[in-house]
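Let me begin by presenting the structure, written as structure tokens, before commenting on it.
Residue numbers (the numbering used here): 46 to 988.
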């Protein structure tokens, strides 16, 4: 007999077909038989029945097929009507009364059931007398009761008919079969078969058509696990894998020049839309309650429990547990959750919007009543829309706080947007707006100014009070909205302990970020120490304010490190304390420690979706890199910070990033880039901030480097005036006295330069090694050359020990010149060391200055255009040399050995020697010493 049916789905079903074949053979001999094939949904029952029908037809039997439907279960004789139509199709139209048989007429509900059963039996017996007969009824559990009565009547009278009755029956989760169906299926003469899940061996046969000679055991095991042995789902997984493997197979075949198909990719089963749609089809085939349950499971997700699912779906608890067992058995569920995110999205995606909204509301209320976390409740409220119920606003605000703490800023913002629409009075709405403004700062700090400034009016009018109002005022301070912020802060009072602590925190913020605003308050804010139990933000502000006032205060440093040590457990909303603590270490000249902490914080940044915080960390990291002499890193980090922080309005953080970019580009010799950052006109409010001090100092360095000495002098003096007035006169922020001394020295006023350097050194030693080293450098350069070396060596030790490589390179450069003027043989190795250190900082102007020249360096750690003004005038010293000879001569002047020159220029040592011989001849000299003495400053770029 032919196989028939789908060979793929008939995996592990052939033995059953052989048994049914035997049943057909016996029935064809006049021994009627009844068989029932049961199994859960999508196990292949219909396919087996169709295959049997094909086999029976091929064997010469007549097949009458009936397909029962749940929609016709309550329509009397609906299944019998299908049977009679099939009989009519087999017999063909006949004139009434011919051969003593009439065309079957479907009965109606009013007909006598016994008479209908007898008539049906007569028709079937008449047809079976002509040919062996197979009546196949699919999904008999959906057959109407009247038709079942006829089938039972027929089954009771099969002894002498060549007739086989074969039924398929789905295992129903929730329905109890009618008594008559039980009588029909559980007669002693009925042969019963059950289709169970496919085994792992069956999976291998099912996967035989994959583009792989031998599917891996891992692949087959995963298919079996994910599908629960269900053929429908297993086929979907295999088809998904085949579709994905086909392009790889073609690519592999081409690459191996026709050496066969590519093996299955590693990594197991591919789960995608084919499998997702198969699961949906399976759920719909089980029934509407299965679909509803799957939707409830998808909605509740991690919060799903049998009890909550029962209450949300309205399905009885015991019945629901049976559904859960069924769906777990086929791998769709794991416990009470959908195992695959893609299936969950597919289930949610096909849900009608109105039904989804209603279910989400009910889910939110059920979760709220059961004490679920606010985030779980809010997840459903976000899909419902505004609700003016008492419990909703509190849930949304708490969920927003926790989302912001957990680093999910986007979700926190969404919760606050909905909360704003759920407010029932103005007081609630303003409080939410303040929280929303802070969330917007974390997400897009540059664009958050309007949200803060819009709250000034309600604060002044007394509609927004307490900590909410203070948050808004601090946001205004960040965006340089000082008039609005001061007016708002003046309206607040610290009557209770919480508010007094919060106002003290605002005072610390002003002292460290906007010190020029502090004395403009109409009344002083509470001043107190930050206790060990205080919030990390307050401790960080206190540490930063102490360092600015006292220098490297040991208590402030310990406080800052304490804040940084808590970073691993810090919520995202508490991260704002970390940049301040990092700044405290930087201003305390603990540069290496600050760099270590910055690297740790930068590594943690990926755990938090907080662009504002990441931008501030990048900004402080840029300052740390600048102080360490990593100029290119400083530029990269500051550019990242500036891109995230700059917007329509200036703010304290974007201004600091801008100042770092100006200073770093100036040190690297890219004066055009520095000038570009100076193009925007800074607002006057900037010069009331600590960032404004950095800006003035950086602009002064740029003016000094480009020959605008009087402009530089004005910037340094302005910076110093502000620092003295605000009592933050620490060189760790801006060494303005050294900058001003350098400017006076350029202008020829050595006495003023000496006084400024001496004043700097006369200040109490506040434990700032970098600042002390820079001051000693300045002192050395206003001394006679004979007294310079020991002072410069002390300066270098301090700068090298503090990690300030750029300033250390500048000290070595001046030390090499002092040695050269004194005829000390240490001049050349010191210059070589200085050049390499400057090169590692990418400080090109300093590298150029290190070429032998009669022009001495002027005071300070930065080069200038004036100090190099004559450098290029004598460029013709190598003018008679070829380009190749010039490159070799330049490297020889820098102190490179012949082997090193050969390696750098990718030539042989012999070629280097030949070039040097020609250089000596053309320049009229005999050796390298004379080459060094006769060389003039040439840009390293030409080398």
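The beta-carbon is built from N, C-alpha and C at its ideal position, and this holds for glycine as well.
Here the structure is a predicted model, which is why all the values come from computation and not from measurement.
What is the DSSP secondary structure of residue i, counted as helix, strand or coil?
{"i": "residue 212", "result": "strand"}
{"i": "residue 107", "result": "strand"}
{"i": "residue 987", "result": "A caution first: residue 987 carries a pLDDT of 35, below 50, which makes its placement in the model unreliable, though a value can still be read off. Of the three classes helix, strand and coil, the one that applies to residue 987 here is helix, per DSSP."}
{"i": "residue 971", "result": "coil"}
{"i": "residue 58", "result": "coil"}
{"i": "residue 240", "result": "strand"}
{"i": "residue 77", "result": "coil"}
{"i": "residue 68", "result": "helix"}
{"i": "residue 379", "result": "strand"}
{"i": "residue 991", "result": "Nothing about residue 991 can be reported from this structure: the residues present for the chain run from 46 to 988 only."}
{"i": "residue 846", "result": "helix"}
{"i": "residue 181", "result": "strand"}
{"i": "residue 355", "result": "helix"}
{"i": "residue 84", "result": "strand"}
{"i": "residue 342", "result": "helix"}
{"i": "residue 637", "result": "helix"}
{"i": "residue 453", "result": "strand"}
To the nearest whole angstrom, what separates the beta carbons of residue i and residue j, a pair I think is in contact under 8 Å?
{"i": "residue 840", "j": "residue 818", "result": "5 Å"}
{"i": "residue 954", "j": "residue 947", "result": "5 Å"}
{"i": "residue 445", "j": "residue 480", "result": "7 Å"}
{"i": "residue 194", "j": "residue 162", "result": "6 Å"}
{"i": "residue 216", "j": "residue 85", "result": "5 Å"}
{"i": "residue 585", "j": "residue 603", "result": "About 12 Å separates the two Cβ atoms, so there is no contact after all."}
{"i": "residue 339", "j": "residue 278", "result": "Contact flag wrong, Cβ pair sits at about 14 Å."}
Going by Cα to Cα distance, which pick from the options is closest to residue i?
{"i": "residue 125", "options": "968, 111 and 564", "result": "111"}
{"i": "residue 723", "options": "745, 437 and 478", "result": "745"}
{"i": "residue 927", "options": "501, 936 and 967", "result": "967"}
{"i": "residue 395", "options": "357, 510, 351 and 341", "result": "341"}
{"i": "residue 457", "options": "482, 435 and 434", "result": "482"}
{"i": "residue 551", "options": "692, 571, 872 and 567", "result": "571"}
{"i": "residue 37", "options": "593, 553 and 128", "result": "Not covered by the structure: residue 37. The range shown for the chain is 46 to 988."}
{"i": "residue 525", "options": "558, 764 and 553", "result": "558"}
{"i": "residue 98", "options": "116, 62, 87 and 412", "result": "62"}
{"i": "residue 629", "options": "608, 769 and 90", "result": "608"}
{"i": "residue 894", "options": "712, 943 and 809", "result": "712"}
{"i": "residue 541", "options": "233, 512 and 498", "result": "512"}
{"i": "residue 489", "options": "661, 562 and 417", "result": "661"}
{"i": "residue 626", "options": "553, 676, 414 and 685", "result": "553"}
{"i": "residue 192", "options": "236, 157 and 467", "result": "157"}
{"i": "residue 190", "options": "640, 224, 165 and 835", "result": "224"}
{"i": "residue 931", "options": "375, 960 and 942", "result": "960"}
{"i": "residue 755", "options": "767, 816, 787 and 768", "result": "787"}
Would you mind stating whether residue i and residue j have Cβ atoms separated by less than 8 Å?
{"i": "residue 781", "j": "residue 742", "result": "yes"}
{"i": "residue 548", "j": "residue 508", "result": "no"}
{"i": "residue 622", "j": "residue 664", "result": "no"}
{"i": "residue 349", "j": "residue 382", "result": "yes"}
{"i": "residue 734", "j": "residue 702", "result": "no"}
{"i": "residue 185", "j": "residue 214", "result": "yes"}
{"i": "residue 7", "j": "residue 690", "result": "In the structure as shown, the chain starts at 46 and stops at 988, and residue 7 therefore has no counterpart that could be examined."}
{"i": "residue 714", "j": "residue 851", "result": "no"}
{"i": "residue 118", "j": "residue 93", "result": "no"}
{"i": "residue 234", "j": "residue 178", "result": "no"}
{"i": "residue 707", "j": "residue 667", "result": "no"}
{"i": "residue 219", "j": "residue 334", "result": "yes"}
{"i": "residue 393", "j": "residue 356", "result": "no"}
{"i": "residue 633", "j": "residue 597", "result": "yes"}
{"i": "residue 535", "j": "residue 515", "result": "no"}
{"i": "residue 843", "j": "residue 821", "result": "yes"}
{"i": "residue 208", "j": "residue 77", "result": "yes"}
{"i": "residue 378", "j": "residue 372", "result": "yes"}
The ligand FAD heavy atoms versus the CB of residue i: any closer than 7 Å?
{"i": "residue 832", "result": "Inclusion of the ligand FAD in the displayed structure is not the case, the ligand content being empty and no account of it being possible."}
task: Pair every Cβ in the stretch 151 to 171 with every Cβ in the stretch 79 to 86, then say whether three or more of these pairs are closer than 8 Å.
output: no
message: Across the stretch 424 to 432 and the stretch 399 to 411, are there enough close Cβ pairs to call them in contact, namely three or more that are closer than 8 Å?
response: yes
- prompt: Does the stretch 643 to 662 touch the stretch 851 to 867, meaning 3 or more C-beta pairs lie closer than 8 Å?
  reply: no
query: Would the stretch 792 to 803 and the stretch 829 to 838 be scored as touching if the rule is three or more Cβ pairs under 8 Å?
result: no
message: Pairs of beta-carbons, one from the stretch 313 to 330 and one from the stretch 269 to 279, closer than 8 Å: are there three or more?
response: yes
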